[in-house]
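Novice: The structure's right below; bear with me while I get my questions together.
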Amino acid sequence: MIEVPTVTEDDLFGPDNLPYGVFSADGGPRRIGVRYGNHVLDLGGAAAVLDGPHRRHAALLAAPVLNPLMAAGRPVWTEVRAAVRSWLTDPGTLRLLAGRGLLPRLDDPGRPLTLHLPFEVADYVDFYASEHHAATVGRIFRPEAEPLTPNWKHLPIGYHGRAGTVVVSGTPVIRPHGQHRAPDAAAPGFGPSRRLDIEAEVGFVVGTPSPLGEPVGMAAARDHLFGVCLLNDWSARDLQAWEYRPLGPFLGKSFATSVSAWVTPLDALDGARTAPPPRSHPLLPYLDDTGGEEWGLDLRLEVLLNGQRLSGPPFAAMYWTAAQQLAHLTVNGASLRTGDLFASGTVSGPGPHERGCLLEMTWGGRDPVRLPDGTERVFLEDGDEVTLTAWAPAGAGRRIGLGEVTGRVEPARTPRSS
Ligand SMILES: O=C(O)/C=C/C(=O)CC(=O)CC(=O)O
Ligand SMILES: [Ca+2]
Ligand SMILES: [Mg+2]
């Protein structure tokens with residue numbers, strides 16, 4: 001039976017949102033999809049049956065991944081988004097598309113859709129932009145030192161991660177092996193991580209590339225940033241604590257990074273723009289955002305463990321914005337590639353129920369968290385499932401959803417002996 005999607009005013013995936021993903025049905029080819037309510041518009045299929053200027057972009061829309069569309073640049077993104085919105089809000093076109101089988105249900109048990117990694121990840125960077133997170137982690141990891149390092153208020157600190165291990169929501173996360181050293185031990189041991197953690201983050205996805213040698217200033221951020229996803233930077237705290245000095249996180253964070261299957265277009269977040277927190281230190285001109293475009297984003301995250309709410313981190317409290325991070329990433333002349341992904345850093349607010357990782361929630365594993373069903377955790381156990389969700393205001397009292405990123409912890413696999 002053909003079902004025409006009905007989307008009410010309070011639907012998180014209504015016409016103000018229209019996030020992009022990549023789906024397949026019955027093991028068939030991958031197609032770009034746009035989520036609408038609980039349905040997915042087959043974008044390439046719709047572009048082929050409807051007339052209009054979007055026909056010029058037919059090849060981009062029929063690709064099996066978002067990269068060609070992302071590379072096409074902001075004027076094309078704007079044109080495509082406007083076309084999709086006009087199709088889905090016109091009842092006749094909506095019926096026609098549904099009748100052609102181009103608006104399948106996401107959750108049809110008879111024909112389940114598979115959601116894939118929506119874009120090929122080029123380079124992956126993880127920042128450290130929450131002052132609350134950085135100060136708390138500093139107190140836990142380096143109790144003898146100042147919580148924030150002297151550079152923290154002057155530049156957005158980050159490290160390059162492992163692009164090849166970015167996985168889509170739903171991919172199981174295998175508990176990593178590695179070296180760890182107990183505080184009182186003389187030598188490191190080896191084995192499965194015992195301090196497996198999450199980091200609730202927001203990922204920014206680069207569309208338009210930039211040439212080597214040409215920094216991208218904050219004013220150009222809107223032209224380069226295609227959209228936003230939710231991201232879980234799985235972290236093995238015991239591996240991290242032993243390996244990170246002096247060059248920073250390495251194997252403790254490179255075994256899996258999960259992203260949501262939906263990429264929310266930057267334009268859909270216009271209603272969530274807000275001023276970032278007041279800057280306590282003057283910034284160098286390339287990072288100085290006083291009086292410029294507001295790049296703070298009022299995204300409300302939620303962290304769930306086995307379906308139970310752990311915390312609600314507020315993204316609006318992040319000190320460094322995506323525009324500053326992009327400007328900093330390229331200020332040395334480093335180029336951008338389509339598919340570059342940079343993560344905000346763990347999203348933590350000032351309150352005890354606003355923290356984005358177990359390291360903070362349990363003060364380094366000292367104080368277990370208690371879930372509503374009475375179970376307790378310090379770090380993740382095998383079989384635990386972590387889900388991050390978020391919503392954002394979209395103006396006029398409406399909201400949009402950022403989907404979810406979820407992953408279940410699988411037991412460590414015994415390494416083959418050499
Ligand atoms: O301060 C440290 O030594 C470690 C910090 C982190 O683990 C945080 C990290 O990955 C960056 C972030 O997500 O905020
Ligand atoms: Ca992180
Ligand atoms: Mg990671």
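Numbering (UniProt numbering), first residue to last: 1 to 418.
The beta carbon of each residue, even a glycine, is placed where N, CA and C say it ideally should be.
1. Check whether the Cβ of residue 405 lies closer than 8 Å to any Cβ atom in chain D.
2. For ligand 2, I want to know if residue 131 counts as a neighbour, meaning its beta carbon is within less than 7 Å of at least one of the ligand's heavy atoms.
3. Please tell me whether, using a cut-off of 7 Å, the distance from the CB of residue 254 to the nearest non-hydrogen atom of ligand 1 is below it.
4. Tell me whether residue 395 counts as near ligand 1, meaning its Cβ is closer than 7 Å to at least one heavy atom of that ligand.
5. So, using beta-carbon positions, are residue 30 and residue 40 closer together than 8 Å?
6. What are the residues that DSSP puts in a beta bridge with residue 58?
7. With which residues is residue 309 paired in a DSSP beta bridge?
8. Spatial neighbours of residue 195 within its chain, please: CB distance less than 7 Å, with the 5 preceding and 5 following residues excluded, ordered by chain position.
9. Rounded to whole angstroms, what is the Cα-Cα separation between residue 335 and residue 186?
10. To the nearest angstrom, report how far apart residue 50 and residue 136 are at their CA atoms.
11. Give the single residue among 134, 177, 327 and 400 whose Cα lies nearest to the Cα of residue 350.
12. Taking only the alpha-carbon atoms, compute the straight-line gap between residue 405 and residue 218 and give it to the nearest angstrom.
13. Does ligand 2 have even one heavy atom less than 7 Å from the beta-carbon of residue 343?
14. Please output, in chain order, the residues near ligand 2 using a CB cut-off of less than 5 Å to any non-hydrogen atom of the ligand.
15. Identify every residue that forms a DSSP beta bridge with residue 391.
16. Check whether the stretch 116-130 touches the stretch 143-157, counting contact only when three or more Cβ pairs, one atom from each stretch, lie closer than 8 Å.
17. Whether or not the stretch 220-234 and the stretch 248-258 are in contact is what I'm after, with contact meaning three or more pairs of Cβ atoms, one per stretch, closer than 8 Å; do they touch?
18. With hydrogens ignored, establish whether the beta-carbon of residue 303 is closer than 7 Å to any heavy atom of ligand 1.
19. Measuring alpha carbon to alpha carbon, tell me which of 9, 7, 8 and 18 ends up nearest residue 228.
20. Pick from 262, 298, 265 and 323: whose alpha carbon is nearest that of residue 292?
21. So the beta strand (DSSP E) residue 238 belongs to, where does it begin and stop?
22. Smallest Cα separation from residue 301: which of 107, 123, 337 and 348?
23. Rounded to the nearest angstrom, what separates residue 392 and residue 402 at their Cα positions?
24. What are the residues that DSSP puts in a beta bridge with residue 192?
25. Alpha carbon to alpha carbon, what distance is there between residue 264 and residue 356?
26. Hey, which unbroken runs of the alpha helix (DSSP H) at 4 residues or more fall wholly within the stretch 314-368?
27. In chain order, what residues of the same chain lie with their CB nearer than 8 Å to the CB of residue 138, ignoring the 5 residues before and after it?
28. Taking C-alpha atoms, which residue in 77, 24, 346 and 89 lies nearest to residue 13?
29. Taking all protein chains shown into account, do 16 or more other C-beta atoms lie within 10 angstroms of the C-beta of residue 280, making it buried, or fewer, making it exposed?
30. Closer than 7 Å: is that where the CB of residue 136 sits relative to any heavy atom of ligand 1?
31. Grab the span of the alpha helix (DSSP H) containing residue 198 for me, first residue to last.
32. Going straight from the alpha carbon of residue 107 to that of residue 114, what length do you get?
33. If we ignore side chains and look at the alpha-carbon of each, how far apart do residue 67 and residue 85 end up?
34. Any heavy atom of ligand 1 closer than 7 Å to the Cβ of residue 346?
35. Any heavy atom of ligand 1 closer than 7 Å to the beta-carbon of residue 201?
36. Straight-line CA distance for residue 262 to residue 213?
Specialist: On the basis of the supplied data:
1. The structure shown has no chain D; it contains just one protein chain.
2. False, no ligand heavy atom lies under 7 Å from that Cβ.
3. Relative to ligand 1, the beta carbon of residue 254 is positioned no closer than 7 Å to any heavy atom.
4. Residue 395: no, Cβ never under 7 Å from ligand 1.
5. With contacts defined as CB atoms closer than 8 Å, residue 30 and residue 40 fail to qualify as a contacting pair.
6. Residue 58 pairs with nothing; no bridge assigned.
7. Residue 309 pairs with 304.
8. If we look at residue 195 and ignore the five residues flanking it on each side, its Cβ neighbours are 236, 237, 238, 365 and 379.
9. Residue 335 and residue 186 have their C-alpha atoms some 44 Å from each other.
10. Within the model, the alpha-carbon separation for residue 50 versus residue 136 is close to 54 Å.
11. Residue 134 is the option with its Cα nearest to residue 350.
12. Going from the Cα of residue 405 to the Cα of residue 218 covers about 28 Å.
13. Within the cutoff, so yes.
14. Listed by chain position, these are 126, 199 and 233.
15. 300 and 401, per the DSSP bridge assignment.
16. Output reads yes: the stretch 143-157 touches the stretch 116-130.
17. Segments in contact, yes.
18. No, since every heavy atom of ligand 1 falls outside the 7 Å radius drawn around the Cβ of residue 303.
19. Comparing Cα positions, the closest option is 18.
20. Ranking 262, 298, 265 and 323 by CA distance to the CA of residue 292 puts 323 first.
21. Taken as a continuous stretch (DSSP letters only), residue 238 belongs to no beta strand (DSSP E), being part of the alpha helix (DSSP H) at 237-243.
22. Across the set 107, 123, 337 and 348, the C-alpha of 348 shows the shortest separation from the C-alpha of residue 301.
23. So the two alpha carbons sit approximately 8 Å from each other.
24. BP columns for residue 192 point to 177.
25. C-alpha separation (whole angstroms): 21 Å.
26. For the stretch 314-368, whole alpha helix (DSSP H) runs of length 4 or above, ordered along the chain, are 322-330 and 358-361.
27. Taken in chain order, the residues that qualify are 145, 146, 147, 148 and 149.
28. It is 89 whose Cα lies nearest to the Cα of residue 13.
29. With fewer than 16 other beta carbons inside 10 angstroms of its own, residue 280 counts as exposed.
30. Every heavy atom of ligand 1 is 7 Å or more from the Cβ of residue 136, so no.
31. No alpha helix (DSSP H) contains residue 198, which DSSP labels as neither H nor E.
32. Residue 107 and residue 114 have their C-alpha atoms roughly 10 Å apart.
33. Whole-angstrom Cα-Cα distance: 21 Å.
34. Yes, since a heavy atom of ligand 1 falls inside the 7 Å radius drawn around the Cβ of residue 346.
35. Distances taken from the Cβ of residue 201 to the heavy atoms of ligand 1 include one shorter than 7 Å.
36. Answer to the nearest angstrom: the Cα atoms are 32 Å apart.
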